[in-house]
Structures are given as C-alpha cells and as structure tokens.
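Working notes for the structure below.
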Amino acid sequence: MNLIRFALRKPISIMVLVAGLFFFGIGAIQDIKVDILPKMNLPVIYIAHPFGGYTPDQMEAYFGKTYVNILPFANGIKSVETKNIQGLMIMKLTYYENTNMAQAAAELGALSNRIQAAFPPGTQPPFIIRFDASSLPIGQLVLSSKIRSNNELQDMANVYVRASFTSIPGLLSPAPFGGSPRTIEVNVNPDLLRSHNMTPDQIVEAIRLNNLTAPSGNVRIGDKNYITPTNNTIKEVKDFEKIPLFKGGVQNLTLGDVATVKDGADITAGYALVNGKRSVYISIAKAGDASTWDVVKKLKAELPKIQSTLPEDVKLSYEFDQSVYVINSVKSLITEGIIGAVLTGLMVLLFLGDRRAAIIVILTIPISIISGVLFLKLFGQTINLMSLSGLALAIGILVDESTVTIENIHQHLDMGKPKALAIWDACKEIALPKLLILLCILAVFAPAFTMVGIPGALFLPLALAIGFSMVFSFLLSQTFVPVMANWLMKDHPKTAHAPNITDDEAEFNACGLTPESEKDIISQKKVMVERDDFNNDHKISHFERFRIRFMKTLDRLFPYKKAATFGYLIGITLLAIVFITFIGKDVFPKVNSSQFQLRMRAADGTRLERTEEKVVLVLKELNKMVGKEHVGISSVYVGQHPSLFSINPIYLFMAGPHEAVFQVSLKDYETDMEDFKDAFRARIKKILPDVKISFEPIELTDKVLSQGSPTPIEVRIAGKDKKRNELYANQIVEKLKKISYFRDVQIGQPIHYPAMNINIDRTRAAELGVDMNDISRSLVASTSSSRYTEKNTWIDEKAGLSYNVQVQVPLNQMKSKNDIDEIPLLKNSLRPVLSDVATITPTVVSGENDNLGAMPYITVTANTYKTDLGKATKDVAATISSLGELPRGLFIEPIGMTKVLNETLSSLQLGLLVAVFVIFLMLAANFQSFKVSAVILTTVPAVVLGALLMLTITGSTLNLQSYMGIIMSVGVSIANAVLLVTNAEQLRKRNGNALESAREAAALRLRPIIMTSVAMIAGMLPMAIGHGEGGDQVSPLGRAVIGGLLFSTFTVLLILPLIFAWAQEKTSIKSISLDPEDEESEHYISSLK
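If you read the sequence shown in my numbering, its first letter stands for residue 564, the second for the next number, and so on.
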C-alpha cells in the first residue's frame, strides 16, 4: 500500500528510478560476460603424466598405481579413473560437491612433487588441469599452406601464433594439433653401423660428448669483464655431421659417414587434416572467468596482426566457432522478446480495447528484462544459454503483473469512478494477492539453490534470471503502471450496467476489501444470465457475451461439484502418471545440428599411414554423399599425440595410430541428422568393412553433460580378471546389437593390440659381454628415439630457441622382424646382435589399460537412433540384469549420460515436490487455512498433464528444459488460482455462501485470468516454435509452458470453483484467531473492550 501511495504522490521520483534502472541496465548489458554455459564448477581435475616409450603396462604400474597409492592422503576425492596408453597416463579425479577445488589442485600439485622420487629416473612433472565448461575448446585456429609441411606449420604455430595469445586476456590453448615438434634428426643407417662395428648407442654417446650444454664464465682483463662463451654447443645443423666418432688415433670416421642429419621433427605420432589436406590447428579455450564472446571477438580482431607475422603462403582461419550459438541466441531472444511483447500488447488490446493500456503493458517488459540483466551482473552471473532461456521464459510471465493491474483498473473505471480513484482502488485491491502470486512463482525456483552438480549449475542462472525479472515486474506494476495509467489512460463513461459510486463505497474501498459495486455488477450479470436476454442487448461487448455463456456452463456444473472434484483429481492424476511413465526422457533436448564428430577405429595397431588412407576414403565418401559444396569444413586428427604434448589428449583422447576423429561442419544442407548418420554408417560399412565408427558429441553442452563419455550409452565392466572383463563385455556387445535402435556398439579400448615380444636371455647376454642397459639403449635408439634415454639439445641462435637432438633409425628401414634381429649391441664388434641374446615372438597385448582406483575395467559404448535416453537406459539395465548373478569381484554399471540422466531427473522431481510443498505452506500461512491451500494446489496435476501432453504431441522429451517449463507453468497456474480463490474466500466470509462466492469470483476474475494466460501463451509461441539458433534447445521449455497453461486455465476457471464450493461449503466464516480481543474470532469476549 505504501509503495503505491509513494508512487502516486511522487511520480517524478518513480520515473527517475525507472530511468536509472534503464540507464545502468543498458550499461550492464554491454559489460556483462557472455558465455555458452554458466559456471559449472565441476569438481573434476585431470592429471596427465607422460613418459615417452613406456608401454601401457609400464605406465599403469609405474605411474597409475603409484598415484592411486598416494591419493588417499588427499581430501575430498570421490573416485579415481586412469587411462594408460603408450607413453602417457591420464588420471581423472572426481571430488565431492562443495570441495574447494583451488585448494584441491594445490594439494594435488604438492602430492605429485612429493612422489616424484617414486617414478622412474628422468620423469618430467605432470600437467594438472581443472575440468570445466571453460576447459573445453570454443573453436579452432587453423594454419594451412600449399607448400609447407605440417612440421613447419607446427613450429610456426608454437613460436609465432601461440606467443601472440598473451595479448588476448582470458585466452588459453594447448599445444598445436597436427604436427610434430621441431627436432634435429640424426637418422643412422643400420648397414653402415654394422660395417663400422658400431652400435646406435655409440652415436648417442658421441653426440652427447660433442654437443654440450655448459655454462660460460667470466674473465676480468684490464678494465673489462669478459664473458667467455664456447662453441660446446654446435652452431649449425650441418656441423653435426662433422662430429668425430673416435678418440685418439687417426680414424677419420664422422657422424656423416653413418648417418644423415636434418632439421626435421620428432617421430610422427599423428596428423591433422583440414578439408582433406594436412594442416595444423590450435584449439582455443578460455579461462574460467573470461567471457567467451570477448575472447573470440578479440582473437578475430588480432588475426590480421598474427597473420602478418607468418609467411604469405600460410593462411589463418578460425573454425568451429562455438560462440556463435550464444550470440545467435541473444539475437533470437531479442527477436522473440519483440514478438512476444507485440503479441502481448495485441492480447491486451483485444480484451480491453485500449491502446494506451497495451502500451503501458508492453513498456514494462523491456524495463523488467534490462533490470534483470543488471542484477544478474551484480550477482556475478553471465549471459549464457541457460540465463537466456530464463529471460526468454520471463518475457511470457512478465505480462502477468502488469496485465492484472491494468485489467483491474479497467474494472474500476467501468464502475464510473474518477480515474485517479479507480487507479488507487484497483492497485490497492490486488496488491496483497499479487505479492502472494510473486512469492508463489519465486518459490517454484527455490530448489535451484539446493541442487548440486550439473542440474544445480544449469538451473540456478535460469532461476535467477526469472526471479530478478519477476521482482522488477511486480515493483513496476505497483509503481510505474499506476503512474503511467494516470498520465495515459482516459476516464471511462459510466456503462449501462455500472452503478454510481457513493462516498460510503469509496470509504469501503479504502479498507482493501472487494467493493460492493463489484457485487452489484456481478449481480446484474447474473440477472442477465437468468433472463437470457443478452442477445437482444447490442450494448453488451463480445467478451461480456462470452462471460455470460461461461457462467451458464459453470451453473450447470455446480450441482455435480463433489463428483466433479473426485473425478477430476483421480482422472487427472492417473493420466499424469501414465504420461510421465511413458514419455521420452533426455538430459537436454536433442539438436538437429549441422555439425558432427565421428571417431573411426581401424584394426588395433594399424600403422598411421594406413589409417590416414582410410580417413581419405571416408572424406571422399562424405563429399559424394552430401556434395563437396555442402561441406563447410572438415577437420580430422589421425593417430596419437606427440609425447611432448601430454596435455592435448585431455582435449582429444586418442588411444593409438589406428584411431581418427573427424569434426565436420555442413553448410546449406537441410536434413534429419539422425537419418544422415545412419545412412553414412551404412556407406562406411560397405567401403571399409573392417573399420568401426562411432559418432561422438560435438556441441559444447553435450560434451559437458557427458562428462567425458564418448557416447550416450557407456557401460563399465570392472574386475581384477581382465580376461573375464572382456568376456562379459563381449556378451553385452552381442546383446545390445540385437536391440534395433542401438548403433555403433563396440568395446571402447584397443584390447588386441599387436606387439613384438622381445624376451632377453640375461645369461646369454652376460656371456657375450652385454647387459640390459646396452641392449635397451640400442633397442630404443633403433625402434624409437634416443630422446627417451639421453636428452640432448641444440640452440637455434636466430630464433633464440632450443630444440631436441635425437638419434633414430628411420622407420622405413625397420620393415621386418629380421631388421630387429640384426640390431647391433656391442660397440666395435659385428656381434652380438639382438637375435643372439633374445627371441622375438609376435603377440597381442592391451593397447590401453583403464582402471577405476586400482581395479581394471573396460567399457562398452553405443549410440542410439531416434530413441530417447530414458528408454535406452532401461534397456541397458535390462541387458545387464539378463547376465544373471555376476561372479564375485565383477561390477557392471552404466556410466556417462545414463548416470547424469538419473541424477538430473531425480533432482528436478525432488525440486518440484519441494517447491509445491513450500507453496502449500506459504498459502496456508496467508489464508490461515490448510484446506484453502490444498484447494489451490489441485491445479498442479492439470499443469503436469497439459505439459506432458503438449510435449508428446510435439515430439519433445522430458528433459532439463521442459522440466523448467513445467515448474514455471506450475507457478503461473497457482498464481491464477490465488487470484480467483482470494476473491472467492473474501466473498464467502462476507456472505457465508461458498457456492455463490465461487460463482461470483469466477465471473469477476474471468477476464484477468484469460488475459494473462493468453498473453503468456502468445509470448511463449516464438520460443515453442523453435526458430533461430539454438531454437531446438529451448523449444521444449516453451511447449511445456503452453501445454501446462492451457490445461491449468481450463481447470482454474471451470474446475477450481467447483472444488472451492465443495471444500468450503461447511467451513465457518469465523476467524480461527485465538485472540479474545479479536472481533472476528469465535473466542471474542466483548466485555474485554
């Protein structure tokens, strides 16, 4: 009341406050950070620890298990998962919610330093990185050239491009993908080595002695202090060939006599292909507190400068830009907001016929939204897909406050009151119900503050966006709207059915109760209904005709109010249960994106060159299928990452040279991507029958929600016996393949990797004068690189950078088992060779060892075809159950998106129940009646059923977005119910007749309820249709709101009056007050006065 009085007495102050909100709100819109997803704060940390050349078994034993043994000293760790491949261990640490992750990362760094001594000699420190939405790439910076090799591009990307990123605040990036680090290659010829009785290790030793990294001293001569550098580090690459391979004597044997030296690159582990040609790209990520849009905008602005530092033949381009989704979503929000506001204004104009009133309602929408953004910024939130969904949803709701106020002003003007008095009475009359309505709507979002994990992180910004906008909408309806109504609206001429207002009635209005004049209007309308002569009265508006027909229908239902109540409650509840049981369920709406990611697996251990050949065939098939002009860009990474870039596998994990990951963006190609993927699978199966493919998430939202799972369906089989794990995994694969909608069913690890098992006879080696050190050093230099046994570096004085020097046997010279047999082991001697001291047998090993804690596991992965995740989850659970009782120590469980789905839906269902319970208590406190509170909540089942029915009809699933729509429509339906029941209860306490009170309240509140519902539905239509970028992701939200409102409006107007009339039929009109001095209490004692 005081707020309204202040607004009417000081209108200029209100305009100043609104102008201030608008001004600072516009500033906040320009400054607020724009991200794709809200701050997730996922309690996950990754450790990447490399050791070049080690087998998966060695990585598991020396690194993975060592970490597992020390990690119990760390606080808050929930689970430990490790992946061990050749040369690398990646560990995923999941912490409990509310763990201080900054402290956890620091503690982890200290522990890793402490156990450094337990690792093999020469171990480098690990990379430790937080995993969050901000950790994932938001685009790729591609370097391409028609004349340069990948290795040259790799060096340029490292030296020039990444060095420029320091000028772009908030930008992060791992090492470039696609090339190998620049390296001085010393490629020895095995035949020449044998002819000179030398071993590869002698070459390594000669380079170590002749290319030293040593400090320089100082000499003080006269007045000068001279630095005394030496040429202990070789100056030019070609000078390496002059290194002598002898000491003393007159032998003129040099390194160039047995090897070639070139400025090249590390042994190739993988390639990147962009549009089918070898290229290099840099994954672009952002720091956790940076704005995605700002980072991308500044990077694009910096590209011309970076381009100028590169040769003219090298081209830079920014591809797979994820920021466009949120920017286009902002544009869609503006468009939807304008459309929603216009439609809302048209609804007001249609029902009230007042253009000025429609303008007032429309003005409150942008002011409320802008004010909401201002407070989102003040509370540290960002503009992201979820907060945008909240603002888009708020557009439809914001009309409720102002529309109800404007409609009530019209009702009072129709009574013939002066404009100022009508506005004061109208605003004052509904101030308390509107406050209660606001609290009810806010209450449905209260669970957002208690949710944890991914649901909580996604729900909170949406709830805050709606909450702030709703609060400002309420404040504007109490201040801005009455002021603007006084300035813009006109007095109404007294209608034929409107009685005069007396001074007594004006005084009665000041008490905040329903005016008697309103009773007179309803009474007159009731008489008209009974006379049935409205068809002859041309002065009655179309809406009044509708109101009279509505009242006739309601009158026919009142005699059956008890049966209608029970029939409604039982029927609607059963139908809601049926729909919620059978409707499809997903974590997030499926998007028909024009981008896709595909993982291709050739046979385990296929060499890199052969895998690349298969990749080229797949790309050609893609061009044939969609047309080359429709492939916007394709980016493929083939093989493993270089061991020096151990952080890259966290961004893109590759198990071996037999794997390749495609990222493809189609343009101007309209199709159902589910059908496209299925057809593409069939074509690949036809041309490459031995190749397995699996589509993986490419959208950032899907990657975050999957928490690292490559497919929606992932089943983990864990147990100490690896053979038994494989046996059960194969059973699950066969069972899932029999279910028609599963696709890409396969075991996720390369467990049949080819190997040459070299079994050394130590006794024989000792007899021939060699030991394990001699053998291993020669073997590593011949089959890999001396970099793993003897680090040596060279300085490029022009660039001022150092590079590795490594001895290796060219891969093309180790072509058979015989070449391995002939590796020399003893210097200055033709014999022994490796075959003299070892037997070499082909075998099969595991190419990847995964562990949960210390327990080995393998996974089965699968995609689905046109089936919701909920159904797939049930069938996977049934498949696991069909295996029968599992052996002791064997554990099989679904993980990945299946686990997230169950957690999300459980959290949302609990949140909805908590919200309804909170509203029940709030209403009970307001009405001082649990019965009235229960009556209002009878509209909730209708909301749920309506939303579920609309989702089913439109082919949508029950997911995070549609659940938000259901929760929102629950709040709005309760708001409409409060509007009606508040009026009915006031009338009942005055006349003692529940049925008549319900009837009159329904007639009186018919127009505001229909207006707000229709206006909100109109505001939600653009969202529900789902046009624009990201429309598929938010359309289920709009559809759920529309369905829920349609059913709840029908229920509030036709069913709720019947329930109220039956429930309150015998309720006393006396207050339940226990105060003996309260005149309305049945305990009132007059003698106390």
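The C-beta atom is built at its ideal place from N, Cα and C for all residues, glycine as well.
- request: Identify the continuous beta strand (DSSP E) that holds residue 1413 and give its terminal residues.
  value: 1412 to 1415
Please state whether the Cβ-Cβ distance between residue 1185 and residue 1224 is less than 8 Å.
no
Notebook entry, point to check: Which residues in the same chain as residue 1277 place their Cβ atom closer than 6 Å to its Cβ, once the five residues preceding and following it in sequence are excluded?
Noted result: 1422, 1424, 1458, 1459
- Item | For residue 1262, the three-state DSSP class (helix, strand or coil) | coil
Fill in: Beta-carbon proximity check, residue 1432 vs residue 1149, cutoff 8 Å
yes
* At what residue ranges does the region 1521 to 1602 contain a whole run of the alpha helix (DSSP H), taking only runs of 4 or more? -> 1523 to 1554, 1557 to 1567, 1569 to 1588
Excluding the 5 residues flanking residue 1654 on each side, which residues of the same chain have their C-beta closer than 7 Å to its C-beta? No statement about residue 1654 is possible, as the shown extent of the chain runs from 564 to 1652 and does not include it.
Straight-line CA distance for residue 678 to residue 689?
11 Å
Review point. Smallest Cα separation from residue 1221: which of 1256, 672, 848, 1382?
Key: 1256
**Asked** For residue 902, which beta-bridge partners are listed by DSSP?
**Response** According to DSSP, which records beta bridges pairwise, residue 902 is partnered with nothing at all.
At least three beta-carbon pairs within less than 8 Å, the region 1009 to 1017 to the region 930 to 948
no
Taking the C-alpha atoms as reference points, what is the distance between residue 803 and residue 1165? 40 Å
Whole angstroms is fine: what's the gap from residue 1497's alpha carbon to residue 1005's? 19 Å
Report task. Classify residue 1566 as buried or exposed, calling it buried when 16 or more other Cβ atoms lie within 10 Å of its own Cβ. Result -> buried
Just verifying my parser: in three-state terms, what is the DSSP assignment at residue 947? coil
Could you give the C-beta distance for residue 682 and residue 605, rounded to a whole number, given that I count them as a contact under 8 Å? The pair is not a contact, with the Cβ atoms about 28 Å apart (cut-off 8 Å).
*asked:* When you compare the CB positions of residue 1454 and residue 1281, do they come within less than 8 Å of one another, or not?
replied: yes
In terms of residue numbering, what span does the alpha helix (DSSP H) encompassing residue 919 cover?
918 to 941
task = Go ahead and pull the three-state DSSP assignment for residue 1305.
result = strand
### Message
For the alpha helix (DSSP H) containing residue 1344, name the first residue and the last one.
### Response
1335 to 1346
ask   = Buried or exposed: which applies to residue 841, given that a residue is buried once 16 or more other Cβ atoms fall within 10 Å of its Cβ?
value = buried
Which class does residue 1635 belong to by DSSP, given the choice of helix, strand or coil?
coil
If you follow the alpha helix (DSSP H) that residue 1364 is in, where does it begin and where does it stop? Per DSSP, residue 1364 belongs to no alpha helix (DSSP H); it is in the beta strand (DSSP E), 1364 to 1371.
Requested in this report: Identify, in the order they occur along the chain, each residue of the same chain with its Cβ nearer than 8 Å to the Cβ of residue 791, setting aside the five sequence neighbours on each side.
Outcome: 779, 780, 781, 782
Based on the DSSP secondary-structure assignment, which residues constitute the bridge partners of residue 1228? 1158, 1196
The beta strand (DSSP E) spanning residue 837 covers which residue range?
833 to 837
Item checked: For residue 610 and residue 659, the rounded distance between their alpha carbons -> 17 Å
- Give the range of the beta strand (DSSP E) segment to which residue 612 is assigned. 607 to 613
Exercise. Give every residue of the same chain whose Cβ lies closer than 6 Å to the Cβ of residue 1561, excluding the five residues on either side of it in the sequence, and list them in chain order.
Key: 1547, 1620, 1623, 1624
>> One question on the structure: do residue 747 and residue 800 come within less than 8 Å of each other, judged by their Cβ atoms?
In response: yes
*What did DSSP end up calling residue 1643 once you bin it into helix, strand or coil?*
coil
Reduced DSSP secondary structure (H/G/I, E/B, other) of residue 535
With the chain represented from 564 up to 1652, any question about residue 535 goes unanswered, as that position is not in the structure.
* DSSP on residue 994, reduced to helix/strand/coil? -> helix
Discussion item. DSSP three-state label for residue 793, please.
Written reply: coil
(request) Decide if the region 1314 to 1334 is in contact with the region 1396 to 1408; the criterion is three or more beta carbon pairs, one per stretch, under 8 Å apart. (result) yes
Assign residue 1406 to buried or exposed, taking buried as 16 or more other Cβ atoms, counted over all protein chains shown, within 10 Å of its Cβ. exposed
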